[in-house]
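To convert a position in the sequence shown, counted from 1, into the working numbering, add 1420. We put the beta carbon where it would ideally sit given N, CA and C, even for glycine. Computed from a predicted model, the values in this text were never measured in an experiment.
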Amino acid sequence: MDALDADIVDIALQDGRTLYVLAVFEPTPDACFSALYRHSLDEENATPVSPVFHASTWLTCVRPLREGVALGTADGELVLALPDSDVDVVEASARAISAIVEDNDTLIATTTAGEVLALRDGELARWKTGGPALFALASLDGALWVAGDSGYLARRDGDDWRAFETKTQETLNALVQTPEGVLAVGNNGSLVLVQGDRATLETAGQLKLTRAARWRGETLLAAGVDGLRQLGAASRIVREGPCHAVVAGPTYLAVSGEGTVFVSRDGVEWQSLRHSRPAPLD
């Protein structure tokens, strides 16, 4: 079976062993087709699979929940695909949903309008950060963090947002917890480390870094245009070829790139996950 002929826009791990892959097929200015795939990585043959959800709209991000899966759309909708096959759609913003996390009983999302949305018990709240377009969202170090355009990086302190002086105008695309503090990664190799209330700018080359993850507690990895890169003193390319996203669990490491997804147990041997192309919606 041929590799997935689509753009892989997001991947996510649930319980370290179930991988969700979000793909968009043949997007045009007027139309596109999105599909969400689920792989059980412990199975001997995790592929091929059919999509567990698909829609005639541009899906932008995926986040597994305690019950079901949350998806964002380019039209600012939050789509909740529940275990009983029900689908709830919340018109949350006029701009695209860029990232989603589940924080206790609240679903949190960021938008390219610089908003942070909080959905709880069907009630939607909008928090203004005062920042530009947001692309990264995480619950780290006991707090909620966001990052985005123009080097914007902020932490929610109580009811307010505390913006850090990052000393960069590069877009920050991802947030990850490290032993030293919270790290934001972004374009042009930008690395911003926050320790307490202080942010320090570092670099890792001059390449765009789009996502980051910690694997097995110690190894810090970043996906970028030159491949999957290990950061730190032992900096090296773990997997060559453009990578858009990386997720890591206790056993599995997964990256998206080259129109498909690759999974590894050791960072050396990789299995490509292939998919059946879904039939068009009626």
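CA nearest to the CA of residue i, picked from the options
i: V1566; options: L1539, T1532, S1513 and A1545; result: T1532
i: R1483; options: A1514, D1506 and D1430; result: D1430
i: V1688; options: H1664, Q1650 and R1694; result: Q1650
i: T1630; options: G1652, E1638 and G1606; result: G1606
i: R1656; options: E1497, T1639 and Y1672; result: T1639
i: D1504; options: D1617, P1670, A1494 and G1488; result: G1488
i: Y1572; options: V1499, T1598 and E1535; result: E1535
i: N1524; options: R1486, A1512 and V1509; result: R1486
i: Y1457; options: F1445, V1441, E1446 and D1450; result: V1441
i: L1433; options: Y1672, A1538, L1693 and E1600; result: Y1672
i: L1641; options: G1616, G1679 and L1595; result: L1595
i: T1549; options: I1528, R1582 and S1570; result: R1582
Collapsed DSSP secondary structure at residue i in the structure displayed
i: G1571; result: helix
i: N1593; result: strand
i: G1492; result: strand
i: D1702; result: At D1702, the pLDDT of 47 sits below 50, so the modelled position is not reliable and the matter cannot be decided from this model.
i: G1644; result: strand
i: F1682; result: strand
i: V1429; result: strand
Bridge-paired residues (DSSP) for residue i
i: G1534; result: G1534 is not bridged to any residue.
i: P1484; result: V1489
i: Y1457; result: V1441
i: T1620; result: L1613
i: G1687; result: For G1687, which the question treats as bridged, DSSP gives no partner whatsoever.
Extent of the continuous beta strand (DSSP E) to which residue i belongs
i: D1474; result: Residue identity check: residue 1474 is His in the sequence provided, not Asp. That run of the beta strand (DSSP E) goes F1473 to A1475.
i: H1664; result: H1664 -> no beta strand (DSSP E), and no H or E assigned at all.
i: L1438; result: Per the sequence shown, residue 1438 should be read as Thr rather than Leu. Per DSSP, T1438 belongs to the beta strand (DSSP E) from T1438 to F1445.
i: T1412; result: Outside the shown range of the chain (1421 to 1702) lies residue 1412, about which nothing can therefore be said.
Cβ of residue i within 8 Å of any chain C Cβ
i: A1432; result: The chain inventory of the structure shown lacks chain C, comprising one protein chain alone.
Buried/exposed call for residue i, threshold 16 Cβ in 10 Å
i: M1421; result: For M1421, the predicted model reports a pLDDT of 33, less than 50, meaning its position is unreliable and no value from the coordinates is stated.
i: G1578; result: exposed
i: T1623; result: exposed
i: L1502; result: exposed
i: P1471; result: buried
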